[in-house]
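**Q** Sharing a structure with you now.
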Amino acid sequence: MKAKNSLISASGLTLAQRSLLLFTFAIIIQLLLIGSLLMVRDEDLFAVQAGRTRNISIAIRNLAKRSVGAILLVKIAPQNNATVDQGCEAYRKRINYLSEYLKKFWIKSPDNCKLVDNIVKKTNDLIVMERVGDQHVKENEDELEALLFQLIDPQRIPPAEDSKSQAQSRRIWFAVAVAGSLFNVGALGIFALFLNRQFIKRLNSLNEKMGQLRRGQRLASTALKTDEFGKLENAFSDLANTLLDAASRQRDLFDNAHDVLCYIDDSSFRFTTLNNASLKILGYEPKQLIGSEAIDIITQDDRKQAMENIRTLISLRAQPPFEMLTVNGDSFEARINKADGTTAHTLWTTKYMPAEKRLFCVISDISERKEAERLRNEVVQMVNHDLRSPLNAISIIYSILETGMTGQLNDQGKKSLKLASTSTELMLRLINDLLDIEKLEAGMLELDASTISLSSMIEQSIQNVQVQAQAKQIKFETAIANLNLYADEHRMVQVLINLLTNAIKFSPQGGTVTISALELPGFIEISVSDNGRGIPEHLLSKVFDRFRQVEVADAMVKGGSGLGLAICKALVELHGGTIAVESQSGQGSRFYFRIPTAQHRSDCA
Numbered sequence: 050m051k052a053k054n055s056l057i058s059a060s061g062l063t064l065a066q067r068s069l070l071l072f073t074f075a076i077i078i079q080l081l082l083i084g085s086l087l088m089v090r091d092e093d094l095f096a097v098q099a100g101r102t103r104n105i106s107i108a109i110r111n112l113a114k115r116s117v118g119a120i121l122l123v124k125i126a127p128q129n130n131a132t133v134d135q136g137c138e139a140y141r142k143r144i145n146y147l148s149e150y151l152k153k154f155w156i157k158s159p160d161n162c163k164l165v166d167n168i169v170k171k172t173n174d175l176i177v178m179e180r181v182g183d184q185h186v187k188e189n190e191d192e193l194e195a196l197l198f199q200l201i202d203p204q205r206i207p208p209a210e211d212s213k214s215q216a217q218s219r220r221i222w223f224a225v226a227v228a229g230s231l232f233n234v235g236a237l238g239i240f241a242l243f244l245n246r247q248f249i250k251r252l253n254s255l256n257e258k259m260g261q262l263r264r265g266q267r268l269a270s271t272a273l274k275t276d277e278f279g280k281l282e283n284a285f286s287d288l289a290n291t292l293l294d295a296a297s298r299q300r301d302l303f304d305n306a307h308d309v310l311c312y313i314d315d316s317s318f319r320f321t322t323l324n325n326a327s328l329k330i331l332g333y334e335p336k337q338l339i340g341s342e343a344i345d346i347i348t349q350d351d352r353k354q355a356m357e358n359i360r361t362l363i364s365l366r367a368q369p370p371f372e373m374l375t376v377n378g379d380s381f382e383a384r385i386n387k388a389d390g391t392t393a394h395t396l397w398t399t400k401y402m403p404a405e406k407r408l409f410c411v412i413s414d415i416s417e418r419k420e421a422e423r424l425r426n427e428v429v430q431m432v433n434h435d436l437r438s439p440l441n442a443i444s445i446i447y448s449i450l451e452t453g454m455t456g457q458l459n460d461q462g463k464k465s466l467k468l469a470s471t472s473t474e475l476m477l478r479l480i481n482d483l484l485d486i487e488k489l490e491a492g493m494l495e496l497d498a499s500t501i502s503l504s505s506m507i508e509q510s511i512q513n514v515q516v517q518a519q520a521k522q523i524k525f526e527t528a529i530a531n532l533n534l535y536a537d538e539h540r541m542v543q544v545l546i547n548l549l550t551n552a553i554k555f556s557p558q559g560g561t562v563t564i565s566a567l568e569l570p571g572f573i574e575i576s577v578s579d580n581g582r583g584i585p586e587h588l589l590s591k592v593f594d595r596f597r598q599v600e601v602a603d604a605m606v607k608g609g610s611g612l613g614l615a616i617c618k619a620l621v622e623l624h625g626g627t628i629a630v631e632s633q634s635g636q637g638s639r640f641y642f643r644i645p646t647a648q649h650r651s652d653c654a
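For the sequence shown, position 324 (counting from the first letter as 1) is numbered 373 according to my numbering, and the numbering increases by one without interruption.
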């Protein structure tokens, strides 16, 4: 059996080819059985035909006997005997019956049918002639005798088949049919057993490969197996090895990541897995923390808030649909107690996996960032107190000198004073812009929103830039509807002043700046347009970046720090609005921003 299995395995046949071979073999055996059944059927037909032949032979002999018997009865019997008449009538009926049978089942040829009809006619005629004593009786008897000899001619009567040989033949073919059926069933069973063993063997091999994959072992390709199971095993081996390689790379990334990567059980809040970065960032080896509660390494002051963040994350992510949380929900900051007794600032970025019932965390050390923020705040405070205050004092002194209250200056002194005063104003503006940017980024800038008149706000903004406009003979055109805006008036005026200052700066001498405002569904749009040189298309997406100038020389020639538009963008977005620009080189620019109405802002909230 094993040798036959090996032969089938080594034949290189696919499963489809093996099944086709089995099917073809079964069809051939079945055709042979059908042939044997047909032979049995033919033997049955021969038997029926043989029986019919015997019946015809008997009918022929009986017809001859009845014809002769009828004539003899008339010759030897006395005339006018009623018994003789009855006997003759019985002979006639039997002769007519036998003639009809022969004409129906005998060989249907015109000669045979004519012969039977002539015998019946001659017999009837002789019976009548014998009864009446006709002189032509002798001639008719000779004719009838000749006809009867023709009827019983052995060559005319079909030979009867040997019933015994037919029965023997039928038994042989029946035995062949039964043996063929048994052989077909046995052969199919043997082939099915072979294929079943092959299937089980290959399935066990595939199951063993699955076990190797679960144990993390690499799988070898199945050599010299080209059937469907062999291809499946090879594909599974390739897939398994790819998964093992990916898992190995993932494990390497996990173990060698700069940040702490860990899994926390959602019920006990204990560490289940940590990478090697825990020693560098937390001061503990992974095996020291596995099984301990994650909250234990967080400082006492931050534990309550950290637990609230974790529980909120788990409760929200555990309910379908698993919606994304906000930044504050997905990550939080917490101070930790390191193994050496020091404290470190960390950022916990979390993701809850409901299917696995555990929390994946990335713990990043942000101590350096916190220190940088502290230093930046100190710099901002230094700029605010140590630079802006002296500059304000210097600006006041320059204003007093310009009035002449302390004495008159000559032309050169006035010119130098004017230059010093302008430089001081530029420095103060730069410091104020830097402070505003820092406040916006730190989220320290709060809005004092109220309902304000658009016309009043725009008029106030124009008055603040009137001196610069008069210096270049710039005219203002306004198209303002009678609208109110819900916003911080001081910050909106700051945005408009920056936009108007830019428009004046890049407008030609004697140009026109247009301010318009209109109401849109849910928004109010305010725009400032000029007919200056415009902005190249490739710079449109960058004009709101920090320290961005259309041309490098603009900072030297036209002044400005490059922070004005960045501040405008931040202030507009702080109001929940958007700001954009439309421009083409040589055709001027149109800066516009949209602020949501009070009702639309409450609906969005």
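The beta carbon of each residue, even a glycine, is placed where N, CA and C say it ideally should be. Remember, it's a predicted structure, so these values are computed and weren't measured experimentally.
So is Pro645 buried or exposed if we call it buried at 16+ other beta carbons inside 10 Å?
**A** As a first step, residue 645 is located in the sequence shown; it is residue number 596 there, counting from the start. Buried, by the Cβ-count rule.
**Q** Please classify Thr375: is it buried, with 16 or more other beta-carbons within 10 angstroms of its beta-carbon, or exposed?
**A** Within the sequence shown, the letter at position 326 stands for residue 375. Legend: pLDDT at Thr375 = 41, less than 50; position of this residue unreliable, no value from coordinates given.
**Q** How many angstroms separate the CA atom of Ile221 from the CA atom of Ile77?
**A** For the purposes of this step, residue 221 is taken as the residue at position 172 of the sequence shown. For the purposes of this step, residue 77 is taken as the residue at position 28 of the sequence shown. For Ile221 and Ile77, the distance between alpha carbons rounds to 20 angstroms.
**Q** Which term fits Ala536, buried or exposed, when burial requires 16 or more other beta carbons within 10 angstroms of its beta carbon?
**A** As a working mapping, residue 536 is identified with position 487 in the sequence shown. So Ala536 counts as buried.
**Q** DSSP three-state call for Glu192: helix, strand or coil?
**A** Here residue 192 corresponds to residue number 143 of the sequence shown, with the count starting at 1. Correct three-state label for Glu192: helix.
**Q** DSSP has Asn290 in a bridge; who is on the other side?
**A** Counted from its first residue, the sequence shown places residue 290 at position 241. DSSP lists no partner for Asn290.
**Q** Quick one: what's got a C-beta closer than 6 angstroms to Asn513's C-beta in the same chain, skipping five residues either side?
**A** As a position in the sequence shown, residue 513 is number 464, starting the count at 1. Result list for Asn513: Ile546, in chain order.
**Q** Taking the alpha-carbon positions, what's the Tyr252 to Thr73 distance?
**A** As a working note, residue 252 is residue 203 in the sequence shown. As a working note, residue 73 is residue 24 in the sequence shown. According to the sequence displayed, residue 252 carries Leu and not Tyr. Going by the C-alpha atoms only, they are around 26 angstroms apart.
**Q** Under the three-state reduction of DSSP, which class applies to Asn533: helix, strand or coil?
**A** Translated into positions along the sequence shown, residue 533 becomes position 484. Strand at Asn533.
**Q** Write down the C-beta distance between Leu331 and Ile313 rounded to the nearest angstrom, noting that I regard them as a contact closer than 8 angstroms.
**A** Working through the sequence shown from its first residue, we reach residue 331 at position 282. Working through the sequence shown from its first residue, we reach residue 313 at position 264. At roughly 14 angstroms, the Cβ-Cβ gap does not stay under 8 angstroms, so Leu331 and Ile313 are not in contact.
**Q** Tell whether a beta-carbon distance below 9 angstroms holds between Ser413 and Asp308.
**A** For the purposes of this step, residue 413 is identified with residue 364 of the sequence shown, where counting begins at 1. For the purposes of this step, residue 308 is identified with residue 259 of the sequence shown, where counting begins at 1. Result yes, Cβ atoms of Ser413 and Asp308 sit closer than 9 angstroms.
**Q** Beta-carbon separation of Ile529 and Ile564 under 9 angstroms?
**A** Numbered from 1 along the sequence shown, position 480 holds the residue referred to as residue 529. Numbered from 1 along the sequence shown, position 515 holds the residue referred to as residue 564. Yes, they are a contact pair.
**Q** Where does Lys400 fall in DSSP's three states?
**A** Position 351 of the sequence shown, counted from the first residue, corresponds to residue 400. Lys400 falls in the strand class under three-state DSSP.
**Q** Below 8 angstroms on the Cβ atoms is my guess for Asp579 versus Phe555; work out the distance and round it to an integer in Å.
**A** Locating residue 579 in the sequence shown gives position 530, where the first residue counts as 1. Locating residue 555 in the sequence shown gives position 506, where the first residue counts as 1. So it is a contact: roughly 6 angstroms between Cβ atoms.
**Q** Is DSSP giving Pro645 helix, strand or coil here?
**A** For the purposes of this step, residue 645 is taken as the residue at position 596 of the sequence shown. The answer is strand: DSSP assigns Pro645 an E or B state.
**Q** Using CA atoms only, rank isn't needed, just tell me which of Ile107, Leu281, Asp287 is closest to Ala269.
**A** By one-based count along the sequence shown, residue 269 stands at place 220. Of Ile107, Leu281, Asp287, the residue nearest in Cα terms is Asp287.
**Q** CB Ala108 to CB Leu164, shorter than 9 angstroms?
**A** The sequence position of residue 108 within the sequence shown is 59, counting from 1. The sequence position of residue 164 within the sequence shown is 115, counting from 1. Going by C-beta atoms, Ala108 is not nearer than 9 angstroms to Leu164.
**Q** Quick check: the Cα distance between Glu508 and Asp379, rounded to an integer number of angstroms?
**A** Residue 508 sits at position 459 when you count from the first residue of the sequence shown. Residue 379 sits at position 330 when you count from the first residue of the sequence shown. So the alpha carbons of these two residues sit roughly 46 angstroms apart.
**Q** Rounded to whole angstroms, what's the CA-CA distance from Glu568 to Leu532? Just pull it up for me.
**A** As a first step, residue 568 is located in the sequence shown; it is residue number 519 there, counting from the start. As a first step, residue 532 is located in the sequence shown; it is residue number 483 there, counting from the start. So the alpha carbons of these two residues sit roughly 8 angstroms apart.
**Q** Report buried or exposed for Met454, applying the criterion of at least 16 other Cβ atoms within 10 angstroms of its Cβ.
**A** By 1-based counting over the sequence shown, the position of residue 454 is 405. Met454 comes out exposed.
**Q** In the DSSP assignment, find the unbroken beta strand (DSSP E) run with Leu549 in it and report its ends.
**A** Position 500 of the sequence shown, counted from the start, is the residue given in the question as residue 549. That residue, Leu549, is in no beta strand (DSSP E); its alpha helix (DSSP H) goes 538–555.
**Q** What does Arg384 pair with, by DSSP beta-bridge criteria?
**A** The sequence position of residue 384 within the sequence shown is 335, counting from 1. Partner(s): His394.
**Q** Kindly indicate which residue of Ser638, Leu396, Gly625 has the alpha-carbon position closest to the one of Gly581.
**A** Residue numbering aside, residue 581 sits at position 532 when the sequence shown is read from its first letter. Cα-wise, what sits closest to Gly581 is Ser638.
**Q** Can you grab the Cα-Cα spacing for the pair Phe525 / Ala552, in whole Å?
**A** By 1-based counting over the sequence shown, the position of residue 525 is 476. By 1-based counting over the sequence shown, the position of residue 552 is 503. Looking at the two C-alpha atoms, the distance is approximately 11 angstroms.
**Q** Nearest to His394 by alpha carbon, out of Lys400, Ala383, Glu495?
**A** The residue given as residue 394 occupies position 345 in the sequence shown. Of the candidates Lys400, Ala383, Glu495, the one whose C-alpha sits nearest the C-alpha of His394 is Ala383.
**Q** On a Cα-Cα basis, can you pick out the residue from Tyr447, Leu424, Thr348 that is closest to Thr391?
**A** Against the sequence shown, residue 391 aligns to sequence position 342. Checked all of Tyr447, Leu424, Thr348; the closest Cα to Thr391 is Thr348.
**Q** Looking at the structure shown, is Asp351 part of a helix, part of a strand, or coil, going by DSSP?
**A** Working through the sequence shown from its first residue, we reach residue 351 at position 302. Helix at Asp351.
**Q** If you follow the alpha helix (DSSP H) that Leu620 is in, where does it begin and where does it stop?
**A** In the sequence shown, counting from the first residue as 1, residue 620 sits at position 571. Segment 613–623, the alpha helix (DSSP H) holding Leu620.
**Q** Considering only the alpha carbon of each residue, which of Gln337, Asp315, Gly462, His624 lies closest to Pro403?
**A** Looking up residue 403 in the sequence shown gives position 354. Minimum Cα distance to Pro403 is reached at Asp315.
**Q** Distance, Cα to Cα, Leu231 vs Ala241?
**A** Against the sequence shown, residue 231 aligns to sequence position 182. Against the sequence shown, residue 241 aligns to sequence position 192. Taking the straight line joining both Cα atoms gives about 15 angstroms.
**Q** Would you verify that the beta carbon of Val165 is, or is not, closer than 9 angstroms to some beta carbon of chain E?
**A** Checking the listed chains, one finds no chain E in this structure; it contains a single protein chain.
**Q** Once the 5 residues before and after Gly626 are set aside, which same chain residues still bring their CB inside 8 angstroms of it?
**A** As a working mapping, residue 626 is identified with position 577 in the sequence shown. Only Phe572, Phe642, Arg643, Ile644, Pro645 meet the Cβ criterion.
**Q** Are the CB atoms of Ile168 and Ile120 nearer to each other than 9 angstroms?
**A** Here residue 168 refers to the residue found at position 119 of the sequence shown. Here residue 120 refers to the residue found at position 71 of the sequence shown. Taking 9 angstroms as the Cβ cut-off, Ile168 and Ile120 do not qualify as a contacting pair.
**Q** Compute the Euclidean distance between the alpha carbons of Ser327 and Leu484, then round it to the nearest angstrom.
**A** Within the sequence shown, residue 327 is the residue found at index 278, counting from 1. Within the sequence shown, residue 484 is the residue found at index 435, counting from 1. Distance between the alpha carbons of Ser327 and Leu484 is about 38 angstroms.
**Q** Check the C-beta distance from Thr291 over to Arg407 and give it rounded, since I have them as a contact under 8 angstroms.
**A** Start at 1 with the first residue of the sequence shown, and residue 291 comes out as number 242. Start at 1 with the first residue of the sequence shown, and residue 407 comes out as number 358. About 26 angstroms separates the two Cβ atoms, so there is no contact after all.
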